[in-house]
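Numbering (the working numbering), first residue to last: 208 to 379. Think of the CB as a built atom: it goes at the ideal place given N, C-alpha and C, for glycine as much as any other residue. Computed from a predicted model, the values in this text were never measured in an experiment. Remarks on the structure that follows.
Below, the structure written as structure tokens:
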């Protein structure tokens, strides 16, 4: 296989392999959110499925996969789905685009993981604003609660995803 063919396959989000991987990660995100749905929503949340955010550092297809996982999960189980689907989905999409852009040229995998966790935790202000507008929650307390839950989820998920990434090449 020549270099041009490899590049074309890697970039195609519509190849059968890419669509399969997108579907698998989307399904995993939804399944993990369902399993932990009791703690995945609200002003204080711990959404362990957020560990799949790390996949964005490996390939752009996973931005699509996690975005779809968030949208589907929010649609199925969020008590505020009318705002959680568009706002949570868009916030995830934009955050993962930022993650991919910022970490794309970084060489150290551990540094990529740390930077990803920081960006994702900071981005939780969007969910806090949503809860302030819809639920009347106090911003800083809500942001602190959501950011702390996200930090825990990203830390636990970071160790899991780092270990898995050493066994599975997510770049292909």
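Burial state of residue 246 (16 or more Cβ within 10 Å): By 1-based counting over the chain shown, the position of residue 246 is 39. Burial call: exposed.
query: residue 214 by DSSP, collapsed to three states: which one?
result: Within the chain shown, the letter at position 7 stands for residue 214. In this predicted model, residue 214 has a pLDDT of only 40, less than 50, meaning its place in the structure is not dependable; the value taken from the coordinates is given anyway. DSSP, reduced to helix, strand and coil, places residue 214 within a helical segment of the structure shown.
Cβ contact check for the stretch 270 to 283 and the stretch 295 to 312: 3 or more pairs under 8 Å: yes
field: Segment contact flag, the stretch 322 to 331 with the stretch 222 to 237, C-beta cutoff 8 Å, min 3 pairs
entry: no
- request: Could you tell me the boundaries of the alpha helix (DSSP H) in which residue 258 lies?
  value: The count along the chain shown starts at 1 and reaches residue 258 at position 51. Looking at the DSSP string, residue 258 is not in any alpha helix (DSSP H), and its letter there is neither H nor E.
message: Given a cut-off of 8 Å on the beta-carbon distance, is the pair residue 335 and residue 362 in contact?
response: Counting from one through the chain shown, the residue named residue 335 turns up at place 128. Counting from one through the chain shown, the residue named residue 362 turns up at place 155. No, the Cβ-Cβ distance between residue 335 and residue 362 is not below 8 Å.
message: Report the CB separation of residue 306 from residue 327 in whole angstroms; it is logged as a contact under 8 Å.
response: The residue labelled residue 306 in the question sits at position 99 within the chain shown. The residue labelled residue 327 in the question sits at position 120 within the chain shown. Indeed, because the Cβ distance is near 7 Å, the residues count as touching under 8 Å.
field: Residue from 354, 290 and 317 whose Cα sits closest to the Cα of residue 366
entry: Along the chain shown, one-based indexing puts residue 366 at 159. That would be 317, whose Cα lies nearest to the Cα of residue 366.
- prompt: Is residue 364 buried or exposed, if buried means 16 or more other CB atoms sit within 10 Å of its CB?
  reply: Within the chain shown, residue 364 is the residue found at index 157, counting from 1. Burial check for residue 364: the Cβ neighbour count within 10 Å reaches 16 or more, so the residue is buried.
- prompt: On the premise that residue 262 lies in contact with residue 232, defined as a C-beta separation below 8 Å, what is that separation, rounded to the nearest angstrom?
  reply: Locating residue 232 in the chain shown gives position 25, counting from the first residue. Locating residue 262 in the chain shown gives position 55, counting from the first residue. Confirmed, about 6 Å.
- prompt: When the distance is taken between beta carbons, is residue 270 closer than 8 Å to residue 235?
  reply: Residue 235 sits at position 28 when you count from the first residue of the chain shown. Residue 270 sits at position 63 when you count from the first residue of the chain shown. No.
field: Inter-residue spacing [alpha-carbon to alpha-carbon] between residue 228 and residue 371
entry: Walking along the chain shown from the start, residue 228 turns up at place 21. Walking along the chain shown from the start, residue 371 turns up at place 164. Distance between the alpha carbons of residue 228 and residue 371 is about 15 Å.
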